[in-house]
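Take a look at the structure set out below.
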Amino acid sequence: MKFIIAIIKPFKLDEVREALSGIGVAGMTVSEVKGFGRQKGQTEIYRGAEYSTNMLPKVKIEVAATDAIAPQVVETIQQVASTESIGDGKIFVLDLASTTRIRTGETGDTAL
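In this text, residue positions in the sequence shown follow the working numbering: the first is 34, and each later residue adds one.
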(Lines of atoms letter the chains of each structure in order from A; the text may use other names.)
(Lines give C-alpha, C1' and ligand atoms only; values in the text may rest on other atoms or scores of the structure.)
Protein backbone atom coordinates (compact mmCIF):
# COMPACT_ATOMS: atom_id res chain seq x y z
CA MET A 34 0.00 0.00 0.00
CA LYS A 35 1.06 3.59 -0.61
CA PHE A 36 0.27 6.85 1.17
CA ILE A 37 0.14 9.67 -1.36
CA ILE A 38 0.38 13.29 -0.25
CA ALA A 39 -0.21 16.03 -2.79
CA ILE A 40 0.17 19.77 -2.22
CA ILE A 41 -1.79 21.64 -4.91
CA LYS A 42 -3.29 25.02 -5.71
CA PRO A 43 -6.66 25.44 -3.94
CA PHE A 44 -8.69 26.16 -7.08
CA LYS A 45 -7.68 22.75 -8.51
CA LEU A 46 -9.19 20.73 -5.65
CA ASP A 47 -12.61 20.02 -7.19
CA GLU A 48 -11.10 18.92 -10.50
CA VAL A 49 -8.61 16.62 -8.75
CA ARG A 50 -11.30 15.16 -6.47
CA GLU A 51 -13.57 14.38 -9.43
CA ALA A 52 -10.72 12.84 -11.44
CA LEU A 53 -9.65 10.64 -8.51
CA SER A 54 -13.24 9.50 -7.96
CA GLY A 55 -13.34 8.63 -11.65
CA ILE A 56 -10.42 6.20 -11.32
CA GLY A 57 -11.85 4.49 -8.25
CA VAL A 58 -10.37 6.35 -5.28
CA ALA A 59 -12.98 5.87 -2.55
CA GLY A 60 -11.80 8.50 -0.08
CA MET A 61 -9.26 11.15 0.74
CA THR A 62 -8.38 13.67 3.42
CA VAL A 63 -8.11 17.34 2.48
CA SER A 64 -6.48 20.07 4.57
CA GLU A 65 -5.92 23.76 3.96
CA VAL A 66 -2.22 24.47 4.44
CA LYS A 67 0.28 27.25 3.83
CA GLY A 68 3.82 26.97 2.56
CA PHE A 69 6.35 27.99 -0.04
CA GLY A 70 8.90 26.50 -2.38
CA ARG A 71 10.44 27.95 -5.50
CA GLN A 72 7.50 30.35 -5.74
CA LYS A 73 8.90 32.19 -2.68
CA GLY A 74 5.66 33.82 -1.56
CA GLN A 75 3.80 36.65 -3.21
CA THR A 76 3.23 40.39 -3.02
CA GLU A 77 -0.22 41.65 -2.04
CA ILE A 78 -1.81 45.08 -1.70
CA TYR A 79 -3.93 45.71 1.40
CA ARG A 80 -5.57 49.10 1.98
CA GLY A 81 -3.23 50.71 -0.51
CA ALA A 82 -0.05 49.36 1.09
CA GLU A 83 2.03 46.67 -0.62
CA TYR A 84 3.37 43.84 1.49
CA SER A 85 4.79 40.42 0.78
CA THR A 86 3.69 37.13 2.27
CA ASN A 87 6.07 34.24 2.72
CA MET A 88 3.45 31.54 2.94
CA LEU A 89 1.04 30.79 0.12
CA PRO A 90 -2.31 29.04 0.61
CA LYS A 91 -2.32 25.48 -0.71
CA VAL A 92 -4.43 22.35 -0.30
CA LYS A 93 -2.99 19.08 0.97
CA ILE A 94 -4.64 15.90 -0.29
CA GLU A 95 -3.87 12.59 1.43
CA VAL A 96 -4.83 9.30 -0.22
CA ALA A 97 -4.17 5.74 0.90
CA ALA A 98 -4.02 3.50 -2.19
CA THR A 99 -3.24 -0.07 -3.10
CA ASP A 100 0.06 -0.71 -4.84
CA ALA A 101 -1.87 -1.48 -8.03
CA ILE A 102 -3.64 1.89 -8.30
CA ALA A 103 -0.98 4.17 -6.73
CA PRO A 104 0.85 5.02 -9.99
CA GLN A 105 -2.46 5.94 -11.62
CA VAL A 106 -3.36 8.15 -8.63
CA VAL A 107 -0.06 10.02 -8.92
CA GLU A 108 -0.41 10.42 -12.69
CA THR A 109 -4.00 11.66 -12.35
CA ILE A 110 -3.11 14.25 -9.72
CA GLN A 111 -0.12 15.45 -11.75
CA GLN A 112 -2.10 15.84 -14.96
CA VAL A 113 -5.21 17.43 -13.46
CA ALA A 114 -3.50 19.76 -10.94
CA SER A 115 -0.97 21.10 -13.44
CA THR A 116 -1.28 24.65 -14.73
CA GLU A 117 2.24 24.42 -16.18
CA SER A 118 3.33 27.33 -14.01
CA ILE A 119 5.49 27.72 -10.95
CA GLY A 120 3.74 26.86 -7.68
CA ASP A 121 1.65 23.94 -8.99
CA GLY A 122 2.79 21.83 -6.02
CA LYS A 123 4.37 18.50 -5.22
CA ILE A 124 3.36 14.85 -4.84
CA PHE A 125 4.98 12.59 -2.26
CA VAL A 126 4.57 8.79 -2.17
CA LEU A 127 5.32 6.86 1.00
CA ASP A 128 5.08 3.17 1.85
CA LEU A 129 2.11 2.44 4.10
CA ALA A 130 2.82 -0.34 6.59
CA SER A 131 -0.75 -1.13 7.61
CA THR A 132 -4.33 0.11 7.58
CA THR A 133 -7.20 -0.81 9.91
CA ARG A 134 -10.84 0.17 9.44
CA ILE A 135 -12.01 1.17 12.91
CA ARG A 136 -15.67 0.12 12.47
CA THR A 137 -15.07 -3.44 11.22
CA GLY A 138 -11.47 -4.23 12.14
CA GLU A 139 -10.62 -4.99 8.50
CA THR A 140 -6.93 -4.61 7.71
CA GLY A 141 -4.71 -4.15 4.68
CA ASP A 142 -6.13 -3.48 1.20
CA THR A 143 -9.66 -4.42 2.29
CA ALA A 144 -9.64 -1.55 4.81
CA LEU A 145 -9.14 0.96 2.02
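Positions of the beta carbon are idealized from the N, C-alpha and C atoms, including for glycine.
Boundaries (first-last residue) of the beta strand (DSSP E) holding residue i
i       : result
Ser-64  : 62 to 68
Ile-135 : Ile-135 -> no beta strand (DSSP E), and no H or E assigned at all.
Val-126 : 122 to 128
Ala-39  : 35 to 41
Neighbourhood of residue i by C-beta, 7 Å cutoff - its chain only, sequence neighbours within 5 removed
i      : result
Gly-32 : As displayed, the chain neither begins before 34 nor continues past 145, which places residue 32 out of reach and without an answer.
Residues of its chain near residue i, where Cβ-Cβ distance is below 6 Å and the 5 sequence neighbours each way are ignored
i      : result
Phe-36 : Ala-97, Leu-127 and Leu-129
Ser-64 : Lys-93
Residue i Cβ short of 7 Å to the ligand SAM heavy atom set
i       : result
Ala-130 : The ligand SAM is not among the ligands present in this structure, which contains no ligands whatsoever.
Short Cβ contact (8 Å threshold) for residue i with residue j
i       : j       : result
Ile-102 : Gln-111 : no
Ala-39  : Ile-94  : yes
Lys-42  : Ala-114 : yes
Ile-56  : Thr-99  : no
Leu-145 : Thr-132 : yes
Start and end residues, alpha helix (DSSP H) containing residue i
i      : result
Leu-53 : 46 to 55
Cβ shell of residue i (< 8 Å), same chain only, five flanking positions each side left out
i      : result
Phe-69 : Asn-87, Met-88 and Leu-89
Bridge-paired residues (DSSP) for residue i
i       : result
Pro-90  : Lys-67
Ala-114 : Beta-bridge pairing links Ala-114 to no other residue.
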